Amino acid sequence: MSIELAIGGMTCASCANRIERKLNRLDGVSATVNYATEKATVVVPSGVDLKLLVTEVEKAGYTAAVRDRPASAGWPVGLIAAVVLGVPVVALSMIPAFRFPGWQWVALALAAPVVGYAGLPFHRAAWTNLRHGAATMDTLVSIGTLAAFGWSIWAVFAGAETYFEVAAAVTAFILAGRHFEARSKRRAGAALRALLELGAKDVAVLREGAEVRIPVERLVVGDLFTVRPGEKVATDGVIHEGSSAVDASLLTGESIPVEVRPGDAVTGGTVNAGGRLIVRATRIGADTQLAQMARLVEQAQTGKAEVQRLADRISGVFVPIVIVLAAATLGVWLWTGAGATAAFTAAVAVLIIACPCALGLATPMALLVGTGRGAQLGILIKGPEVLESTRIVDTVVLDKTGTVTEGAMTLVETHVAEGGDRAEVLRLAGAVEHASDHPVARAIARAARSTARVADFADVPGLGVQGVVEGRTVVVGRPSLLTADLPPDLSNALAAAEAAGRTAVAVEWGGEVRAVLVVSDALKPTSREAIGMLRGLGLTPVLLTGDNETVARAVADEVGVDRIVAGVLPAGKVDVVKRLQAEGRTVAMVGDGVNDAAALAQADLGLAMGTGTDAAIEAADLTLVRGDLRVAADAIRMSRRTLATIKGNLFWAFAYNVAALPLAAFGLLNPMIAGAAMAFSSAFVVSNSLRLRRFR
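326 is the number that the numbering used here gives to position 122 of the sequence shown; each next residue is one higher, with no gaps.
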């Protein structure tokens, strides 16, 4: 089973690595610790005592709790003290005009509480790590600030140069950096928190004809509940009574409200923008789409991309190497006879500049922001490894039905005979078709919305239907069912429709053919634009369908796809993906049905339309909450942008350390400036990641 632990006391990526190693040493335990989210995701064998995990984390010097996150605080007292007391120390030390006889003793008095009280978290963590034979960023900060402070106390008595400003300023800089980093992490996770808070808190349930308001947790599947205008839909369900427009923008990113009527599905967390609805609950609690979305986002934020694993391995050995390097710097400077002051300055600068905070934040911060922003736009990324796949994909296979097309038969054309009345044709034809369950009949009935009644209804299998409406015998079906011949214009319209792979039926009454109705699985209005967007990303689209070649080619030509694979049985979809992969292509697959699940899993990148089945969504790497193919292009863009941000973060974090360490070792970097630069590197990584919130 998998559980989550909230970890407290982590200060850098080295802490996360240490906890991860500790937990993974336990039998049968597999753990991933995320510094940015302050969480450990732990897979344990059934029957394992969770207290054992908590104890193991505590042994390492940190805190752990199941589920509950550490409380976030406002401005820390230590930071305020460090700033208030540290500024005068820096001013006295750096500006000769402010100095007066005995100023060193004032600097000592002001710096002591900064180092001893404000810097206590560093010293405490360093001592805990030392007891466990480990070293983290806190070790570097603690050694650096205590060394600077200790040297300065000796220097006051010896009349040498003091470094009180280094001890005070570095402590203040790093405390400030951590505070703003924590605030940024909370901002980065705001999208997920907003998602979790979307759900309604209570609901008006119908009990024996009366409304009873209860907490939403007490809803059960099958309950009828009301949703008034402006209220949130309490849980996933089906409209039982009423019609309205539902605003799903907070859930899917779609700004236009969707019209719903009896029989339509609605999602918990959406807002009723129109009339009163009565909804029958179909899914509750953890089974709802909102809960599943939140779960997917959390999983993605908790995981690690391959590039992060490399960074983790480096940061795990980085701190001990830096301590050795600082000692070597001290020794070399003393050996060259440069003097204790210069040697000490260079060694402290090495300790301070090398803190690997930016390295540890590079990936999790970008993931936190990217996946959260994706969720706001209706894009759910299953895990960080998915980001790698989006970079190398070159071919996208599009399942036709439900992906490129609406997935249901729709009346697309109405050709009326000369002098005819379109509204009258639809009213009479719709009345007859309303009595049939055939997909073509349902499409016409849905478009007509006729209220006329039909008598003497008869269904002629394979040909059509007929019935008496308002005293007229109306026939809707193939030409062979009619008693009259089609006039030339309607005959041409019928032939053109069939040549394009569409279904056409004629409408007759009073011995005359009045119209030809063309029915098809209509294209989604955005499909052509979406395929243009996919091409713009360097992808080659391939249309996959079980329909015949004529239908497939007609759809492909309409949306701008060159390559089609037609007549494919559900079981053959996997083979199509495998065949493309055998050609050396890296394949993305977009689908929505149960029969797409295996192909989605086989593809290098699977994208499931959220309007589809749970099986398809489970098999996919990316879930597109809206049934709009343009979101597939947005999802790939979003994933690529997130991956590029991660790589940019890692590059600058590495480049910063590679460039700064030699400068510090050669004495070209003041320790105080090193502390500010170290804090700035973390701020840069965080702010660079937060740019993903502006993705459109």
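We treat Cβ as the ideally placed atom computed from N, Cα and C, and that holds for glycine.
These numbers were taken from a predicted model, which means no experiment stands behind them.
Query                                                                                                        : Result
Sequence-distant residues of its chain with Cβ nearer than 6 Å to A201 (five each side left out)             : Since the first residue of the chain shown is 205 and the last is 900, residue 201 is not available in this structure.
Pick from D625, I840 and V678 that is closest to H638, judged by C-alpha positions                           : V678
Residues near E369 in its chain [Cβ-Cβ closer than 7 Å; skip 5 each side]                                    : V293, V294, S297, M298 and M876
Buried/exposed call for W331, threshold 16 Cβ in 10 Å                                                        : exposed
Run of the beta strand (DSSP E) containing H619, from where it starts to where it stops                      : T609 to V620
Host alpha helix (DSSP H) of R646 (start-end)                                                                : P643 to A652
Among E435, A863, A566 and F377, nearest to V287 - alpha-carbon criterion                                    : F377
C-alpha gap between T430 and V409, whole angstroms                                                           : 6 Å
Cα-Cα separation between T471 and A864, rounded to whole angstroms                                           : 53 Å
E299 - DSSP class collapsed to helix/strand/coil                                                             : For clarity, residue 299 is Ile in the given sequence; the question names Glu instead. The answer is coil: DSSP assigns I299 none of H, G, I, E or B.
Own chain, CB closer than 7 Å to A570, minus 5 neighbours either side, in chain order                        : T846, T849, I850, N853, S893 and L896
Meets three-Cβ-pair contact criterion under 8 Å: the stretch 708-724 and the stretch 686-700                 : yes
Beta-carbon proximity check, M813 vs D796, cutoff 8 Å                                                        : yes
A786 vs L811 beta-carbon contact at 8 Å                                                                      : no
Straight-line gap, T492 to R783 (C-alpha atoms, nearest Å)                                                   : 36 Å
For K243, the three-state DSSP class (helix, strand or coil)                                                 : strand
As assigned by DSSP and simplified to three states, the class of S731                                        : helix
Exposure label - F855; buried when at least 16 CB within 10 Å                                                : exposed
With 16 other Cβ atoms within 10 Å as the buried cut-off, status of P866                                     : exposed
Residue burial classification, F361 (beta-carbon count within 10 angstroms, cutoff 16)                       : exposed
Close Cβ partners of G213 (< 8 Å) along its chain, the five nearest in sequence each way excluded            : C219, G265, Y266, T267 and A329
Identity of the residue in L481, V890, A550 and V600 nearest A351 by Cα                                      : A550
Cα-Cα separation, A770 to T609                                                                               : 15 Å
Sequence-distant residues of the same chain with beta carbon closer than 6 Å to V552, five excluded per side : G348, A351, A352 and P875
Reduced DSSP category for V600 - H, G, I as helix; E, B as strand; rest coil                                 : strand
Neighbourhood of P419 by C-beta, 6 Å cutoff - its chain only, sequence neighbours within 5 removed           : D406
Coarse secondary structure for R328, derived from DSSP in three states                                       : helix
Beta carbon of K436 nearer than 8 Å to that of G473                                                          : yes
Reduced DSSP secondary structure (H/G/I, E/B, other) of S276                                                 : Interpretation of S276 is limited by its pLDDT of 43, a score under 50 that renders its predicted location unreliable; the figure taken from the coordinates is listed afterwards. Three-state result, S276: coil.
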